[in-house]
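Numbering (our numbering), first residue to last: 50 to 217.
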(Lines of atoms letter the chains of each structure in order from A and count residues from 1; the text may use other names and numbers.)
(Lines give C-alpha, C1' and ligand atoms only; values in the text may rest on other atoms or scores of the structure.)
Protein backbone atom coordinates (compact mmCIF):
# COMPACT_ATOMS: atom_id res chain seq x y z
CA UNK A 1 0.00 0.00 0.00
CA UNK A 2 1.02 3.60 -0.42
CA UNK A 3 3.34 4.97 2.22
CA UNK A 4 4.58 1.57 3.53
CA UNK A 5 8.26 0.78 3.30
CA UNK A 6 9.49 -2.65 2.40
CA UNK A 7 12.45 -3.90 4.36
CA UNK A 8 14.60 -6.54 2.76
CA UNK A 9 18.00 -7.93 3.54
CA UNK A 10 20.33 -10.44 2.03
CA UNK A 11 23.36 -12.11 3.56
CA UNK A 12 25.71 -15.02 3.30
CA UNK A 13 27.99 -16.73 5.78
CA UNK A 14 30.89 -18.89 4.60
CA UNK A 15 33.54 -20.61 6.64
CA UNK A 16 36.58 -22.57 5.59
CA UNK A 17 36.61 -24.69 8.76
CA UNK A 18 34.40 -27.51 10.00
CA UNK A 19 33.24 -27.68 13.57
CA UNK A 20 32.90 -30.93 15.42
CA UNK A 21 31.17 -31.87 18.65
CA UNK A 22 33.02 -33.37 21.58
CA UNK A 23 31.54 -36.66 22.66
CA UNK A 24 31.85 -40.04 24.28
CA UNK A 25 30.00 -43.35 24.05
CA UNK A 26 29.93 -46.08 26.70
CA UNK A 27 28.31 -49.51 26.57
CA UNK A 28 27.44 -52.23 29.06
CA UNK A 29 26.95 -55.65 27.48
CA UNK A 30 26.14 -59.17 28.62
CA UNK A 31 27.85 -62.05 26.82
CA UNK A 32 26.26 -65.49 26.77
CA UNK A 33 29.34 -67.73 26.83
CA UNK A 34 27.38 -70.75 25.62
CA UNK A 35 25.81 -69.14 22.54
CA UNK A 36 28.09 -66.18 21.79
CA UNK A 37 25.11 -63.83 21.78
CA UNK A 38 25.78 -60.29 22.98
CA UNK A 39 23.05 -58.21 24.57
CA UNK A 40 23.54 -54.46 24.90
CA UNK A 41 22.16 -53.79 28.36
CA UNK A 42 22.88 -50.09 28.62
CA UNK A 43 24.29 -47.41 26.35
CA UNK A 44 25.28 -43.87 27.23
CA UNK A 45 26.10 -41.00 24.88
CA UNK A 46 27.39 -37.60 25.99
CA UNK A 47 27.98 -34.77 23.53
CA UNK A 48 28.82 -31.12 23.68
CA UNK A 49 27.14 -29.82 20.56
CA UNK A 50 27.66 -26.10 21.05
CA UNK A 51 24.25 -24.49 20.88
CA UNK A 52 21.42 -27.04 20.65
CA UNK A 53 18.84 -25.53 18.32
CA UNK A 54 16.39 -28.42 18.79
CA UNK A 55 17.49 -30.83 21.55
CA UNK A 56 14.62 -33.27 20.87
CA UNK A 57 15.71 -33.65 17.26
CA UNK A 58 19.33 -34.20 18.33
CA UNK A 59 18.17 -36.84 20.83
CA UNK A 60 16.25 -38.60 18.05
CA UNK A 61 19.26 -38.51 15.74
CA UNK A 62 21.48 -39.99 18.44
CA UNK A 63 18.95 -42.73 19.29
CA UNK A 64 18.56 -43.63 15.61
CA UNK A 65 22.31 -43.63 15.09
CA UNK A 66 22.67 -45.96 18.06
CA UNK A 67 20.27 -48.46 16.47
CA UNK A 68 22.22 -48.28 13.22
CA UNK A 69 25.52 -48.65 15.08
CA UNK A 70 24.32 -51.71 17.02
CA UNK A 71 23.35 -53.26 13.70
CA UNK A 72 26.84 -52.72 12.32
CA UNK A 73 28.52 -53.87 15.52
CA UNK A 74 26.56 -57.06 16.14
CA UNK A 75 24.30 -58.09 13.28
CA UNK A 76 24.72 -56.68 9.79
CA UNK A 77 27.13 -58.58 7.58
CA UNK A 78 27.43 -59.14 3.85
CA UNK A 79 28.31 -62.80 3.29
CA UNK A 80 29.17 -64.48 0.00
CA UNK A 81 29.51 -68.04 -1.26
CA UNK A 82 32.64 -69.46 -2.90
CA UNK A 83 31.53 -68.02 -6.26
CA UNK A 84 31.13 -64.49 -4.90
CA UNK A 85 27.34 -64.61 -4.87
CA UNK A 86 25.70 -62.80 -1.96
CA UNK A 87 24.15 -65.03 0.70
CA UNK A 88 22.36 -62.18 2.40
CA UNK A 89 20.24 -60.73 -0.37
CA UNK A 90 16.94 -60.27 1.50
CA UNK A 91 15.96 -58.93 4.89
CA UNK A 92 15.26 -62.54 5.92
CA UNK A 93 18.99 -63.28 5.45
CA UNK A 94 20.49 -59.93 6.41
CA UNK A 95 20.34 -59.64 10.16
CA UNK A 96 19.38 -56.27 11.63
CA UNK A 97 18.59 -55.33 15.20
CA UNK A 98 14.98 -55.23 16.25
CA UNK A 99 13.41 -53.15 18.98
CA UNK A 100 14.39 -55.69 21.65
CA UNK A 101 18.08 -55.49 20.70
CA UNK A 102 18.31 -51.70 20.93
CA UNK A 103 18.12 -50.19 24.40
CA UNK A 104 17.19 -46.55 24.64
CA UNK A 105 20.38 -44.61 25.17
CA UNK A 106 20.92 -42.38 28.16
CA UNK A 107 21.86 -39.12 26.45
CA UNK A 108 23.54 -36.09 27.94
CA UNK A 109 23.73 -33.00 25.73
CA UNK A 110 25.79 -30.08 26.93
CA UNK A 111 26.35 -26.65 25.46
CA UNK A 112 29.56 -25.84 27.32
CA UNK A 113 31.78 -25.19 24.31
CA UNK A 114 29.99 -23.24 21.57
CA UNK A 115 31.75 -23.21 18.24
CA UNK A 116 33.70 -20.02 17.55
CA UNK A 117 33.39 -20.73 13.82
CA UNK A 118 29.80 -19.61 13.28
CA UNK A 119 27.52 -16.92 14.65
CA UNK A 120 25.19 -19.35 16.49
CA UNK A 121 27.89 -21.47 18.13
CA UNK A 122 26.39 -24.65 16.68
CA UNK A 123 28.21 -27.89 15.86
CA UNK A 124 27.22 -30.98 13.91
CA UNK A 125 25.30 -33.49 15.98
CA UNK A 126 23.66 -35.99 13.64
CA UNK A 127 26.68 -38.22 13.12
CA UNK A 128 27.30 -38.55 16.84
CA UNK A 129 24.87 -41.41 17.29
CA UNK A 130 26.69 -43.90 15.09
CA UNK A 131 30.34 -42.92 14.95
CA UNK A 132 31.56 -44.61 18.15
CA UNK A 133 28.97 -47.34 18.75
CA UNK A 134 31.09 -50.14 17.30
CA UNK A 135 34.15 -49.19 19.33
CA UNK A 136 32.15 -48.85 22.56
CA UNK A 137 30.50 -52.24 22.08
CA UNK A 138 33.79 -53.91 21.09
CA UNK A 139 35.45 -52.51 24.20
CA UNK A 140 32.57 -53.68 26.40
CA UNK A 141 32.82 -57.18 24.89
CA UNK A 142 36.57 -57.21 25.52
CA UNK A 143 35.84 -56.34 29.14
CA UNK A 144 33.10 -58.97 29.44
CA UNK A 145 35.29 -61.80 28.14
CA UNK A 146 38.37 -60.57 30.01
CA UNK A 147 40.61 -60.11 26.99
CA UNK A 148 41.68 -56.59 26.13
CA UNK A 149 41.85 -55.92 22.39
CA UNK A 150 40.19 -59.23 21.47
CA UNK A 151 37.57 -57.73 19.17
CA UNK A 152 39.24 -56.51 16.00
CA UNK A 153 36.45 -57.07 13.48
CA UNK A 154 32.81 -56.08 13.24
CA UNK A 155 30.18 -57.36 13.35
CA UNK A 156 30.82 -59.46 16.43
CA UNK A 157 28.64 -62.36 15.39
CA UNK A 158 28.07 -65.28 17.77
CA UNK A 159 30.38 -67.43 15.61
CA UNK A 160 33.19 -64.87 15.78
CA UNK A 161 32.73 -64.33 19.49
CA UNK A 162 32.83 -68.06 20.23
CA UNK A 163 36.15 -68.19 18.37
CA UNK A 164 37.49 -65.28 20.41
CA UNK A 165 36.42 -66.88 23.67
CA UNK A 166 38.22 -70.13 22.78
CA UNK A 167 41.50 -68.22 22.91
CA UNK A 168 40.79 -66.61 26.30
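The C-beta atom is built at its ideal place from N, Cα and C for all residues, glycine as well.
Given the structure is predicted, the values throughout are model-derived calculations rather than measurements.
For residue 123, count the other beta carbons within 10 Å of its own beta carbon; 16 or more makes it buried, fewer makes it exposed. Which is it? Buried, by the Cβ-count rule.
Go ahead and pull the three-state DSSP assignment for residue 79. In this structure, residue 79 counts as strand in the three-state DSSP scheme.
Please identify the residue among 196, 181, 159 whose C-alpha is closest to the C-alpha of residue 103. For residue 103, the nearest C-alpha among the options comes from 159.
Residue 95 in three-state terms, based on DSSP: In this structure, residue 95 counts as strand in the three-state DSSP scheme.
N- and C-terminal bounds of the beta strand (DSSP E) containing residue 213: Residue range 207-215 is occupied by the alpha helix (DSSP H) that includes residue 213, with no beta strand (DSSP E) assigned at that position.
Let me make sure I understand the geometry here. Which of 183, 74, 195 has the alpha-carbon closest to that of residue 201? Nearest C-alpha to residue 201: 183.
Does residue 106 come out as helix, strand or coil in the three-state DSSP assignment? Reduced to three states, the DSSP call for residue 106 is helix.
Assuming residue 155 and residue 93 make a contact with CB atoms under 8 Å, what is their CB distance in whole Å? Right, the Cβ-Cβ distance comes to about 5 Å (below 8 Å), so this counts as a contact.
Less than 9 Å between the C-beta atoms of residue 52 and residue 177, yes or no? No, the pair does not count as a contact, with Cβ atoms beyond the cut-off.
At what residues does the alpha helix (DSSP H) containing residue 190 begin and finish? Where residue 190 is concerned, the enclosing alpha helix (DSSP H) stretches over 182-194.
Can you grab the Cα-Cα spacing for the pair residue 129 / residue 144, in whole Å? For residue 129 and residue 144, the distance between alpha carbons rounds to 14 Å.
If you draw a straight line from the alpha carbon of residue 88 to that of residue 211, how long is it in whole angstroms? Counting only the Cα atoms, residue 211 lies some 15 Å from residue 88.
Report the residue from 82, 61, 107 whose alpha carbon sits nearest the alpha carbon of residue 70. Minimum Cα-Cα distance from residue 70 among the listed residues 82, 61, 107 corresponds to 107.
Which residues in the same chain as residue 121 place their Cβ atom closer than 8 Å to its Cβ, once the five residues preceding and following it in sequence are excluded? Non-local C-beta neighbours of residue 121 in its own chain, meaning closer than 8 Å and more than five positions away in sequence, comprise 179, 182, 183, 203, 204, ordered along the chain.
What does a CB cutoff of less than 6 Å around residue 170 pick up in its chain, not counting 5 residues either side in sequence? So the qualifying residues of the chain are 99, 100, 163, 164.
Starting from the C-beta of residue 109, find all residues in its chain whose C-beta is less than 7 Å away, skip the five residues before and the five after it, and write them out in chain order. In its chain, beyond the 5 residues on either side, no residue has a beta carbon closer than 7 Å to the beta carbon of residue 109.
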